[in-house]
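**Q** Let me begin by handing over the structure; questions about it come next.
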Amino acid sequence: MAEKTAQFDFFAEYVLGLLESFGLVGLTEDQINTYLPQLVAQLEQRVGITLLPKLSDKDGDTFARMISTPEVSGKDWQEFWNKAVPNFEEELHKILIDFKEEMKTFLV
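Residue 532 in this note's numbering sits at position 17 of the sequence shown, and the numbers go up by one each step.
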């Protein structure tokens, strides 16, 4: 699923950066393979819970079509979100900051 891959890559990079900023740089590959997908799934869930209710019915239909289309690129998703949620960048920034603070409390 292209959306999942593009989104996972962005969120995975973000989460890895957070782990590094918290001083958790000595994780083994097995630990990363175990925990990274779980942390990314939590982040994706938070993004969905926050942004999906903001979609109009038309945008909701577009979202459903896009999520079931493997050829959708990360750029396509970025364009969709920016069009569907006028303050998308701001919303995403808030979600990422909140996630970072919760991870900091949990991991540090």
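Ideal Cβ placement from N, Cα and C applies to all residues, glycine included. The structure displayed is predicted, hence computed values, not measured ones.
Leu554: buried (16+ other C-beta within 10 angstroms of its C-beta) or exposed?
**A** If you number the sequence shown from 1, residue 554 lands on position 39. Leu554 is buried by the Cβ-count criterion.
**Q** Can you find the residues in the same chain that come closer than 7 Å, C-beta to C-beta, to Val600, ignoring five residues on each side of it along the sequence?
**A** As a first step, residue 600 is located in the sequence shown; it is residue number 85 there, counting from the start. So the list reads Leu566, Lys569 and Glu606, once near-sequence residues are dropped.
**Q** Please say whether Phe595 and Leu558 have beta carbons closer to each other than 8 Å?
**A** Taking the sequence shown and counting its residues from 1, the one referred to as residue 558 is at position 43. Taking the sequence shown and counting its residues from 1, the one referred to as residue 595 is at position 80. The answer is no: Cβ separation not under 8 Å.
**Q** What is the rounded straight-line gap between the Cα of Glu535 and the Cα of Phe603?
**A** The sequence position of residue 535 within the sequence shown is 20, counting from 1. The sequence position of residue 603 within the sequence shown is 88, counting from 1. Each residue's Cα considered, the two are about 26 Å apart.
**Q** Looking at C-alpha atoms only, which residue of Glu544, Leu542 and Pro552 is the closest neighbour of Phe525?
**A** Walking along the sequence shown from the start, residue 525 turns up at place 10. The shortest C-alpha separation from Phe525 is found at Pro552.
**Q** Rounded to the nearest angstrom, what separates Gly663 and Ile610 at their Cα positions?
**A** Here the chain comprises residues numbered 516 to 623, so residue 663 is not present and cannot be evaluated.
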